[in-house]
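**Q** Before I ask anything, let me first share the structure, which is written out below as structure tokens.
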Amino acid sequence: MDVQLKRGFLEVCVLKVLSRGDSYGYQLIKDISSCIEISESTLYPILKRLETGDMVTEYSVEHSSRLRKYYRITETGKKKIDDFIEEWKEVMAVYRFITAGKESVEHE
Amino acid sequence: MNKQDFLNVLGERLASLPKNEVDKSIAYYNEMIDDRVEDGMTEEEAINALGNIRIVAESIMYDMSIPALMKAKVTQSKGRAPSKTVWLTMMILGSPLWFPLLIALAAVAIALYVSVWSIIISLYAVVLSFGIACVAGIIGGIARIFMTSMPLGLCIIGMALVSGALCLFLYKPILQITTRLIKFTADSTRKIKALIISRKEVA
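See the structure below:
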């Protein structure tokens, strides 16, 4: 998949996971990996960018004598998810159009 | 490689970045390794799972925007106001542009100044030549009367007197024109100076 495209998807994936509840780095990777491949080095810049864009906020929680960073989605972040869904409705329509045509050819 | 080695090497590779960025990056990967170990991996396995450390460092470096990287560089040169350095750099870099322009403008200004003065001088020369012609004509005319023929001599004296009349006639208007020209050059010079001075104050 195109790198820029994937990065955009991953941002929304992180936001979606956070919309279900606050989470931390490693947990995010585990949750997202079920849908799309993501590594720590890819996640780090994404989290940074979401934070600069005010789409998530971060806070620290003590966990077994070390500090763990938690991320929380903001209203801006939630809006980004909605915008993504809106944008991709059209893409999905085009996808169905193309695959529907293909199927009818195969039927012949 | 153990966790501390990994983090040390990462810190070295990120050394050119601002300190707070380096600290944040190290904290992030520290947490990642700890979480994986907590999940049951060994430190070695956790570090391998992160991949090549070079790629890890690069992903952090390349994510920093060019303005951010430049800002970091500037703030690193402790306290030197960016604007002054930037200004100086731009002046030097731009000098191939503005220096020839400055010279061209100066040349035009000089050319205008010289032409104005040439006009003034030539106008006076005209008046003067009429005057000289008058005097010369009268002398020559009188000489002619006594030497060769009266009519020619009288003719020359006549033309000399016309010349003299033109000289007196033109003297005043030409004087006015030249005064105005001189004033014009003085005014223009003052206006140009005002432009430069007021610009400096604004800047």
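As you go down the protein sequences, you meet chains R and H in turn.
Sequential numbering of the first sequence, starting at 1, is according to the numbering used here.
Sequential numbering of the second sequence, starting at 1001, is according to the numbering used here.
Cβ coordinates follow ideal geometry from the N, Cα and C atoms, glycine included.
Keep in mind that this is a model prediction, so the values were computed, not measured.
1) Can you tell me the Cβ-Cβ gap for R1013 of chain H and A1057 of chain H, rounded? I've got them flagged as a contact below 8 Å.
2) Is M1138 of chain H near G1153 of chain H, with beta carbons less than 8 Å apart?
3) In this structure, does DSSP put I38 of chain R in helix, strand or coil?
4) Round the Cβ separation of L15 of chain R and I36 of chain R to the nearest angstrom and send it over; I've been treating them as touching at under 8 Å.
5) Could you check what DSSP says for L67 of chain R in three-state terms: helix, strand or coil?
6) Note down, in chain order, every chain R residue with its Cβ under 9 Å from the Cβ of E1031 of chain H.
7) Who are the neighbours of K48 of chain R on chain H, taking C-beta pairs under 7 Å?
8) Is any beta-carbon of chain R found at less than 8 Å from that of S1059 of chain H?
9) Counting only the same chain and skipping the five closest in sequence on each side, list residues whose C-beta sits under 7 Å from that of I1103 of chain H.
10) Starting from M1032 of chain H, trace the alpha helix (DSSP H) in both directions and tell me its first and last residue.
11) List the residues that DSSP assigns as beta-bridge partners of I73 of chain R.
12) Cβ atoms of V1126 of chain H and L1170 of chain H: under 8 Å apart, would you say?
13) Check the Cβ-Cβ distances between S39 of chain R and every residue of chain H, and say whether any is below 8 Å.
14) Would a check of beta-carbon distances place Y95 of chain R closer than 8 Å to chain H?
15) Find the nearest neighbour of K80 of chain R within the set R:D54, R:T42, R:D22 and R:D31, judged by alpha-carbon distance.
16) At the 8 Å Cβ level, is V1009 of chain H part of the contact set with chain R, yes or no?
17) Can you find a heavy atom of the ligand HEM that lies under 7 Å from the Cβ of D22 of chain R?
18) Looking only at DSSP bridge pairs, what is E62 of chain R linked to?
19) Just to confirm, is the Cβ distance from L47 of chain R to Y71 of chain R under 8 Å?
20) Check the Cβ-Cβ distances between Y59 of chain R and every residue of chain H, and say whether any is below 8 Å.
21) By the 10 Å Cβ neighbour count, where 16 or more other Cβ atoms means buried, how is S1118 of chain H classified, buried or exposed?
22) Checking the sheet assignment: what are the DSSP bridge partners for S23 of chain R?
23) Using a Cβ-Cβ distance under 8 Å, would R1080 of chain H count as near chain R?
**A** In short:
1) So it is a contact: roughly 4 Å between Cβ atoms.
2) Residue 1138 of chain H is actually Ile in this sequence, not Met. No, they are not a contact pair.
3) Secondary structure at I38 of chain R: coil, using DSSP grouped into helix, strand and coil.
4) Wrong, their Cβ atoms sit about 14 Å apart, outside the cutoff.
5) Reduced to three states, the DSSP call for L67 of chain R is strand.
6) For E1031 of chain H, the C-beta contacts it makes with chain R under 9 Å involve Y24, G25, Y26, R66, L67, R68 and K69, in order along the chain.
7) Close to K48 of chain R, with beta-carbon spacing below 7 Å, are these residues of chain H in chain order: D1063.
8) Output row for S1059 of chain H: interface = yes.
9) Around I1103 of chain H: no qualifying Cβ.
10) K1019 to E1038 is the span of the alpha helix (DSSP H), which, as asked, contains M1032 of chain H.
11) Partner residues in the beta bridge of I73 of chain R, as assigned by DSSP, are R:V56.
12) Yes. Within cutoff.
13) Cβ-Cβ to chain H under 8 Å: yes for S39 of chain R.
14) Not one beta carbon of chain H lies nearer than 8 Å to the beta carbon of Y95 of chain R.
15) The closest CA to that of K80 of chain R, considering only R:D54, R:T42, R:D22 and R:D31, is found on R:D54.
16) Chain R, which has no Cβ nearer than 8 Å to the Cβ of V1009 of chain H, makes this no.
17) Although the ligand HEM was asked about, the structure shown includes no ligands whatsoever.
18) E62 of chain R pairs with R:L67.
19) Yes; because the gap between Cβ atoms is below 8 Å, this pair is in contact.
20) Chain H contact via Cβ: absent.
21) Classification of S1118 of chain H: exposed, given that the 10 Å Cβ count is below 16.
22) Paired residues: R:Y71.
23) Note that R1080 of chain H scores a pLDDT of 49, beneath 50, so its modelled location is shaky and nothing firm can be said.
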